[in-house]
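S.K.: Reading the sequence shown from the start, the letters are residues -3 to 157 in the working numbering.
Yeah, the Cβ is synthetic: ideal placement off N, Cα and C, and Gly gets one too.
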Amino acid sequence: MIKLRITLESKQDVIREITINSELNLEQLHQEIIKHFKLNEFEMASFYIADANLDLGQEIPLFDTSEKGNELITMDQIIVSSVLHSPESQLIYVYDFLNMWRFHIQFVEENEEIESGCFLSVGEMPKEAPEIKFEKEEQEKEFDPYGDAFDGFDEFNDYEY
């Protein structure tokens, strides 16, 4: 059994700590999230493997929507313990692609002595999905060996040939 902390990305605290069998697949974890957050089971969703900065990595969708139908790894093919196995491992769960509910899933602990269920429930789901801002990271300036040496030389029409 593993304990997971699932946090809605919102202004209010909406958190669930659940314990599940580590051998469940991600589709079964998806069903647990729907149950404990009281979500509509008919919406699309995806998990994303996240790094320490919560940058999104590989998408793991509920269904394979590729043209050939067998190109993507889906939730039912991934065992929870293969992606959530240490305190450093985390997932982002995006639910309902029109409203973009976004949840952060963290591994808390492994403990065979506790049973599955929800052990902590903080806050209620808001009526509307919080607005997620995707901020563009500041890009480092490339090194310019000429610096400002050629500033003002943009208009060649001003010069005689």
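Is the beta carbon of I45 sitting closer than 8 Å to the one on V90?
M.R.: Against a cut-off of 8 Å, the Cβ pair of V90 and I45 comes out as no contact.
S.K.: Where does L50 land, buried or exposed, given buried means 16+ other C-beta within 10 angstroms?
M.R.: Its Cβ having fewer than 16 others within 10 Å, L50 is exposed.
S.K.: Just verifying my parser: in three-state terms, what is the DSSP assignment at Q24?
M.R.: DSSP places Q24 in helix when its eight states are reduced to three.
S.K.: Name the DSSP beta bridge partners of E3, please?
M.R.: The identity of residue 3 in the sequence shown is Thr, whereas the question assumes Glu. I11, H100, per the DSSP bridge assignment.
S.K.: Alpha carbon to alpha carbon, how far is F115 from G53?
M.R.: So the alpha carbons of these two residues sit roughly 29 Å apart.
S.K.: Relative to the alpha-carbon of F38, which residue among D47, H26, A48 has its alpha-carbon at the smallest distance?
M.R.: Closest by alpha carbon: H26.
S.K.: Helix or strand or just coil, what does DSSP make of F115?
M.R.: Looking at F115 - three-state DSSP - the assignment turns out to be strand.
S.K.: Anyone know if the C-beta pair for I2 and I29 falls short of 8 Å?
M.R.: It is a contact, given that the beta carbons lie within the stated cut-off.
S.K.: Looking only at its chain, what residues have a beta carbon closer than 8 Å to the beta carbon of M121, apart from the 5 residues adjacent to it on each side?
M.R.: L4, V10, F33, K34, L35, listed in sequence order.
S.K.: Hey, how far is the Cα of E13 from the Cα of L0?
M.R.: In a straight line, the C-alpha of E13 is about 6 Å away from that of L0.
S.K.: Tell me whether M(-3) sits in a helix, a strand or coil according to DSSP, three-state version.
M.R.: Residue state, collapsed to three classes: coil.
S.K.: Looking only at its own chain, which residues have a Cβ that is under 6 Å from the Cβ of S42, when we skip the five neighbours before and after it?
M.R.: So the list reads E55, P57, V90, once near-sequence residues are dropped.
S.K.: Between which two residues does the beta strand (DSSP E) carrying S42 extend?
M.R.: Residues 41 to 46.
S.K.: Going by Cα to Cα distance, which pick from M96, E105, G113 is closest to S6?
M.R.: The shortest C-alpha separation from S6 is found at M96.
S.K.: Please state whether the Cβ-Cβ distance between E84 and A48 is less than 8 Å.
M.R.: Against a cut-off of 8 Å, the Cβ pair of A48 and E84 comes out as a contact.
S.K.: Do you know how far the Cα of Q8 is from the Cα of E108?
M.R.: Cα-Cα distance, rounded: 32 Å.
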